[in-house]
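Here's the structure, in structure tokens; my notes come after.
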Amino acid sequence: MPLDAARAVGEYGGAIEASIIFLKQHPYLCKRLRRLLVDAYQRFRPDLASDLIIPIPLHRLREKERGFNQADVIARVLASELAIPVGKNILSRVRATARHRLGMDAHDRSRSVEGAFEIAKAGALLGARVLVVDDLFTTGSTICAAALCLREAGAEAVSALTIGRVLLH
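As numbered in our numbering, residues 3 to 171 make up the sequence shown, in order.
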């Protein structure tokens with residue numbers, strides 16, 4: 003597995019679900035969610051210690067359609083609170099992928115993100131401990147595909163922090 007650790011603020015549902023839905027429509031995190039993200043990082047710091055925060059990128063067409071990338075919002079919040087730089091343009095999504103929906107199985111999700119990511123800045127990750135951030139961890143296919151790309155580019159460690167985590171039964 004290309005990830006050293008994956009942690010979330012909480013289980014997807016209730017207030018966490020509502021916050022993620024809101025975030026996908028508005029580039030804003032409320033004060034309480036900001037605090038919860040920072041607290042989660044602090045609580046899991048031994049597993050998540052990092053030199054660089056990298057948001058999961060959207061494909062340029064998807065970002066243009068939405069107007070922003072929700073993972074960038076999360077990355078900026080953590081960077082400002084924790085004084086860890088954001089590597090926004092290091093990882094890029096070079097292939098548009100199917101939108102992942104709850105109900106897609108792990109195999110389909112994994113296939114949809116194969117080869118979707120690429121390193122835009124060669125050499126920028128040598129020996130780095132990277133924290134990948136996104137809004138939701140469902141099967142981990144997107145984050146793992148990104149982590150694999152980061153590892154291949156020289157990252158020493160890759161961990162992930164998300165707002166929500168879907169518990170699959």
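Backbone N, C-alpha and C define an ideal beta-carbon position, used for all residues, glycine too.
- Within the stretch 25-72, the complete alpha helix (DSSP H) segments at least 4 residues long are 33-45, 47-50, 62-68, listed from N- to C-terminus.
- Between F119 and the set H61, R45, R68, D136, the nearest pair of CA atoms involves H61.
- Counting C-beta pairs with one atom in each stretch, the stretch 30-47 and the stretch 6-15 have three or more that are closer than 8 Å, which means they touch.
- Excluding the 5 residues flanking it on each side, D49 has same chain C-beta neighbours closer than 8 Å at D6, A7, R9, S161, in chain order.
- For A124, the closest of L152, L133, I58 by C-alpha to C-alpha distance is L152.
- Per the C-alpha coordinates, the member of K66, L93, I86 positioned closest to G117 is L93.
- Per DSSP, reduced to three states, the secondary structure at D6 is coil, with no helix or strand assignment.
- Note on Q72: 16 or more other CB atoms within 10 angstroms of its CB, so buried under the neighbour-count rule.
- In this chain, L127 is not harboured by any alpha helix (DSSP H), its DSSP state being neither H nor E.
- Listed in chain order, the non-local C-beta contacts of F46 below 8 Å within the same chain comprise A7, R9, L163, local neighbours out to five positions each way being set aside.
- Counting the other Cβ atoms within 10 Å of the Cβ of R34 gives fewer than 16, which makes it exposed.
- Assigned with DSSP and collapsed to three states, E154 falls in helix.
- Excluding residues up to 5 positions away in sequence, A130, R131 lie with their Cβ nearer than 6 Å to the Cβ of D53 in the same chain.
- Here F70 has P29 as same chain residues with Cβ atoms under 7 Å from its own Cβ, once five neighbours each way along the sequence are excluded.
- Going by beta carbons, D136 and I145 fall inside the 8 Å limit.
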